[in-house]
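Data block below; observations after.
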Amino acid sequence: MPKAKYRFETERAIFVEHIQRAGLRKTSQRDLIMETFLSTEEHLTIEDLHRLVQKRDASVGHTTVYRTLKLLTEAGLAREVRFGDNKTYFEHHHDHEHHDHMICTGCGRVLEFFSEAIEDLQDKMAERFGFLPTHHSLRMWGLCSDCQSTSENNVATPSGAQPRVRVKTAIDR
-17 MPKAKYRFET
-7 ERAIFVEHIQ
3 RAGLRKTSQR
13 DLIMETFLST
23 EEHLTIEDLH
33 RLVQKRDASV
43 GHTTVYRTLK
53 LLTEAGLARE
63 VRFGDNKTYF
73 EHHHDHEHHD
83 HMICTGCGRV
93 LEFFSEAIED
103 LQDKMAERFG
113 FLPTHHSLRM
123 WGLCSDCQST
133 SENNVATPSG
143 AQPRVRVKTA
153 IDR
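The numbers in our numbering rise by one with no breaks, and the one at position 103 of the sequence shown is 85.
This is the structure we're talking about:
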């Protein structure tokens, strides 16, 4: 079985087990929402996910998407992220490598990155202060290379930021 299919089946099983433990039923709408969320690599708001789900089943309501996304988060399959634009986004969490984010205040682009040097420094700082970290999140705001080349962009967060696109990079991995 290909790795992506295996991961999807594992995540489906985790979700089904979680909703059963919560005393809830497995429904076709919850399945559709879960499948839609797990099949995209984008950072999604509830509204984004609702639009994607409605393309396949117009009867799925916003509240059902909200509650199912909450269940996915409780099950450890999704996590909330905020990029400074007063919106809550969700990204895959289970079995995905740790990464940090750079957010362009010009166009709203989000770049994911991993740096072993940053991770090592954080571990050293925690050790120095006798701190036992359980998790962390690093987010940097600034201008991407495209926006730096245009003179009309400034460093303020735009009110109508464009959809978040996941761009993965690895630094000194």
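Virtual Cβ for every residue (Gly too), placed ideally from N, Cα, C.
Spatial neighbours of residue i in its chain, beta-carbon cut-off 8 Å, leaving aside the 5 residues before and after
i, result
"K8", "V(-2), I1, Q2"
"M122", "D82, H83, M84, I85"
"Y48", "I28"
"A108", "L114, P115"
Inter-residue CB distance, residue i and residue j (contact presumed, cutoff 8 Å)
i, j, result
"G88", "C129", "3 Å"
Whether residue i touches residue j by CB criterion (8 Å)
i, j, result
"I(-4)", "T46", "no"
"H25", "Y71", "yes"
"I100", "L120", "yes"
"L93", "H75", "no"
Beta-carbon proximity list for residue i, same chain, < 6 Å, skipping 5 on both sides
i, result
"K37", "none"
"K69", "T27"
"G142", "Residue confidence for G142 is low, a pLDDT of 46 falling below 50, so the modelled location carries little weight; the figure read from the coordinates is stated next. Contacts found: none."
"P140", "Confidence at P140 is low in this model, with a pLDDT of 45, below 50, so its placement is unreliable and no value can be given for it."
"H44", "H32"
"T18", "L34, V35"
"C126", "C86, R91"
Beta bridge counterpart(s) of residue i as assigned by DSSP
i, result
"M60", "Here the sequence assigns Ala to residue 60, which means Met is not the residue at that position. Its beta-bridge partners are H74."
"D82", "F95"
"M122", "M84"
"L26", "F72"
Candidates the options: closest to residue i by CA position
i, options, result
"K52", "L34, E73, R33", "E73"
"H80", "H32, R33, T116", "T116"
"T(-8)", "S41, T22, A57", "A57"
"T22", "Q104, F(-10), L125", "F(-10)"
Residues of its chain near residue i, where Cβ-Cβ distance is below 7 Å and the 5 sequence neighbours each way are ignored
i, result
"I54", "Note on identity: in this sequence residue 54 is Leu, with Ile being the wrong assignment. Contacts found: F(-3), M16, F19, A60."
"T50", "R12, I15, M16"
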